[in-house]
Each structure stands twice: as structure tokens, then as C-alpha cells.
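Visitor: Sharing a structure here in C-alpha cells format.
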Amino acid sequence: MSSPSDNLSPLHSPSPSERRSEVVLSTDKLTKNFGRLCAVNRLDLEVRSGQVFGMLGPNGSGKTTTLGMLMGVTNPTSGSFRWFGEPASNLTRKKIGAVLEHPIFYPYLSGQKNLELNAMIKGTDPANIAKVLNIVELTERKDDKYKTYSLGMKQRLAIASALVSDPVILILDEPTNGLDPMGIAEIREIIKRIAADGKTIILASHLLDEVQKVCTHFAVLRKGSLVHTGPVDDVGKGEETVELVAYHDDLSHILHEFRGSLLVKAESGKYLVRMREGFHAVDLNKFLFEKGIVASHLITQKKSLEKQFLEILQEQNVEVRR
Ligand SMILES: Nc1ncnc2c1ncn2[C@@H]1O[C@H](COP(=O)(O)OP(=O)(O)OP(=O)(O)O)[C@@H](O)[C@H]1O
Ligand SMILES: [Mg+2]
Numbered sequence: 013m014s015s016p017s018d019n020l021s022p023l024h025s026p027s028p029s030e031r032r033s034e035v036v037l038s039t040d041k042l043t044k045n046f047g048r049l050c051a052v053n054r055l056d057l058e059v060r061s062g063q064v065f066g067m068l069g070p071n072g073s074g075k076t077t078t079l080g081m082l083m084g085v086t087n088p089t090s091g092s093f094r095w096f097g098e099p100a101s102n103l104t105r106k107k108i109g110a111v112l113e114h115p116i117f118y119p120y121l122s123g124q125k126n127l128e129l130n131a132m133i134k135g136t137d138p139a140n141i142a143k144v145l146n147i148v149e150l151t152e153r154k155d156d157k158y159k160t161y162s163l164g165m166k167q168r169l170a171i172a173s174a175l176v177s178d179p180v181i182l183i184l185d186e187p188t189n190g191l192d193p194m195g196i197a198e199i200r201e202i203i204k205r206i207a208a209d210g211k212t213i214i215l216a217s218h219l220l221d222e223v224q225k226v227c228t229h230f231a232v233l234r235k236g237s238l239v240h241t242g243p244v245d246d247v248g249k250g251e252e253t254v255e256l257v258a259y260h261d262d263l264s265h266i267l268h269e270f271r272g273s274l275l276v277k278a279e280s281g282k283y284l285v286r287m288r289e290g291f292h293a294v295d296l297n298k299f300l301f302e303k304g305i306v307a308s309h310l311i312t313q314k315k316s317l318e319k320q321f322l323e324i325l326q327e328q329n330v331e332v333r334r
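Now the structure itself:
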């Protein structure tokens, strides 16, 4: 079997439209060691304006440590990074809003009051509060005490708090962790809305499904090292191959007749049919059925990039929601 690095190239050449957008973050061999443990290993990343950039990797792959360095919470062991082409400074940090850990909110104060207090502590103008409450859909509950909020609402208030200063970049670390399916869907919608509002978002997640649903670009980390970076659209690329067992004297010929067949191969008692783009196992099954052939075995082999990401994510028994 091929190793993940066979098909996954850590290097991604930007498309013409990507080249036009500004590089907002670049890291150069960014490294963090904790004693003998290398948590982040010579990481080269590039995030451009307008992207929703997913950092995807299993537990312990170095996502939070990377975000910590980018936010100035942790010092890199070696390597460097630049925000907006400049070394990190108070000025660059003002352009970044982050939900790294659960921010401190006062349980007996309302969402609105908590945001006002946060704005005051950060020295930012509270004028934006009504707008951000609207974005995170908390306007109706803004006067209720924080302690009455659901986990999803608390997370939404945390996002609102990061947005009050109207940052250029929003950083989110596992924004849907611990939420129920409804809460997860709400957060994902909100992230898309914030992106549509023109913000660049950097999001850490261990869920391929999440990254596919909300991100435009992503990087895959494994044990602190970058194994792939590129547009999310590429994940689904590559033809499907359908594995098939059916009994008919002339099966090979019939499979070649199918409009969706790109390549037909017989292998250890099975047929492998590489499908043309837009054709799936169900189309092949229907075609065979119409010819009076019933398949006793019909499986779609996963697309190679996707399969390899799943393997990386599953290495440490990480939950992979599909
Ligand atoms: N302060 C620390 N001291 C020692 N080791 C640490 C420290 N912080 C993180 N690590 C280790 O660094 C590695 C990367 O951890 P990190 O939290 O960055 O991973 P992660 O990708 O965010 O994981 P998760 O999906 O669980 O949030 C892990 O092996 C972790 O145990
Ligand atoms: Mg983490």
C-alpha cells in the first residue's frame, strides 16, 4: 500500500485567484518542542485573505500548540511566522480575534453585559456588540444571564466576544467540540456567515467532515508535521472505483458497454470498474439490473486523498464523523 505521503503533497501551488489575494499568515519552519517531545515540527503554512483555513489533525497533532504560538501565548522553539507580512506585534495582534480556550464570562451577567465588559477590558469600542450578537444569533437572548445559556449559546457568545473588536482574522480552536448535532450545525452556519462578511478564519478541527463543510483550504497535521495543504475541493477529486462481483458469461463485455466505465479490470474474482466523473456505483447497478444481472457484491472504493486523510485521523482512534 502507498504511504500517505505518496499522493499527499505538502506543497500547494496557489491558483491565479489565490495569487491575487494577500498572504495574511505565513509560517517558516515553525517548531515547538516540549522537552524531548516535538509538538510542532518545521511547519510551513500560508493562509490568504478570505480563506476559511482548516488545521486538520488527530488529537495531539499540534493544532492548539500552533495556534498558541500564532497568538503569542507560547514561544516557538525555532522557526518564525509573520502576520500580514510582518513579525507579530501589538498592532498585528489587534487584527486577530481568537476563541482559544473558554473565555471567562460572568455567570450572573447577561450576554450583552459580558460583551460590554470584555470590550472594556480589551479597550475596544462596544459599538459593534449589536451586530455581532446578531451574527451569532443571540440577539433575542442577549439580556438573559450567561448561566442560563446552553453550551452552544456559550460558544456563540465566545465567538461574538472575539468579533467585537472587528478583527481581520478569526481563530477558532475546535469550535464545535462537545456540542450536539443542532449546536454543531448552528456554529458551522455562523462560521460561514462570518466568512461571507469578509473575515479570514483559521480553524482547528479533528473532523474531516467539519473541514469539508466549512473550510475553503486546509492543512493536515500528523504528529506535529504537515502532510498536506491545499484547497478543500481537491479532497473529492479523483475517480471512483467500484468493486463488483456478479455472474454472467459476458460480464466483462457488458461492463465495457456501460457509459460510466473508464477502465475495467478483473482482479481476484472481482471486477474493478474505474468510473467516469459524475458516475457512481448506483448508476452501474441500475445498468446491470436493466440487463437482468444482479450484483452480489458492489462497493465503492474511497477516493484516494479522502481515504488517506481518514487513515491519518484514525491513527489515534480519533472519532471520525461521516
Ligand atoms: N504545555 C505542554 N507541555 C508538554 N507537552 C505539551 C504541552 N502542550 C501540548 N503538549 C503536547 O504537544 C502535543 C500537541 O498537543 P496539542 O494540544 O497542540 O495537539 P492538538 O492537535 O491541539 O490536539 P487536540 O485535538 O487534542 O486538541 C501533544 O503530544 C501534547 O501532549
Ligand atoms: Mg487542541
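Heads up, the numbering used here is the position in the sequence shown plus 12, with the first residue counted as 1. Don't be surprised by glycine CBs; every beta carbon is placed ideally from N, CA and C.
#1: Helix, strand or coil: which one does DSSP assign to H292?
#2: With H, G and I counted as helix, E and B as strand and the rest as coil, what does DSSP make of H265?
#3: Is G190 near ligand 1, with its Cβ less than 7 Å from a heavy atom?
#4: What residues match up with V111 in a beta bridge as DSSP calls it?
#5: For T160, count neighbouring C-beta atoms within 10 Å of its own C-beta (all shown protein chains included) and say buried if the count is 16 or more, exposed if not.
#6: Which residues neighbour ligand 1 when neighbourhood means a C-beta less than 5 Å away from any of its non-hydrogen atoms? List them by chain order.
#7: Quick check: the Cα distance between L300 and Q313, rounded to an integer number of angstroms?
#8: My output table needs one value for D40: the three-state DSSP class, helix, strand or coil.
#9: Below 7 Å CB to CB, which residues in the same chain sit around D56 once its five sequence neighbours on both sides are set aside?
#10: Classify S264 as buried or exposed, calling it buried when 16 or more other Cβ atoms lie within 10 Å of its own Cβ.
#11: Taking only runs of the beta strand (DSSP E) that begin and end inside the region 102 to 173, which ones reach a length of at least 3 residues, in chain order?
#12: Helix, strand or coil, according to DSSP, for N297 in the structure here?
#13: At the level of alpha carbons, what is the spacing between I108 and Y158?
#14: In whole angstroms, what is the alpha-carbon distance linking T78 and G97?
#15: For chain D, find out if any of its Cβ atoms is closer than 8 Å to the Cβ of N297; answer yes or no.
#16: May I ask you to check if the CB of E289 is nearer than 7 Å to at least one heavy atom of ligand 2?
#17: I'd like the span of the beta strand (DSSP E) that includes A208, first residue to last.
#18: Count the other CB atoms within 10 Å of the CB of H309; is the residue buried (16 or more) or exposed (fewer)?
#19: Given 8 Å as the limit, is there contact between the region 201 to 219 and the region 143 to 152, that is, 3 or more CB pairs closer than that?
#20: Would you be able to state if there are at least three C-beta pairs under 8 Å between the region 81 to 94 and the region 127 to 147?
Guide: In short:
#1: coil
#2: helix
#3: no
#4: L184
#5: exposed
#6: F46, A51, N71, G72, S73, G74, K75, T76, T77, H218
#7: 19 Å
#8: strand
#9: T39, D40, K41, L238
#10: exposed
#11: 108 to 111
#12: helix
#13: 25 Å
#14: 18 Å
#15: The question asks about chain D, but that chain is absent: this structure has only one protein chain.
#16: no
#17: Per DSSP, A208 belongs to no beta strand (DSSP E); it is in the alpha helix (DSSP H), 193 to 208.
#18: exposed
#19: yes
#20: no
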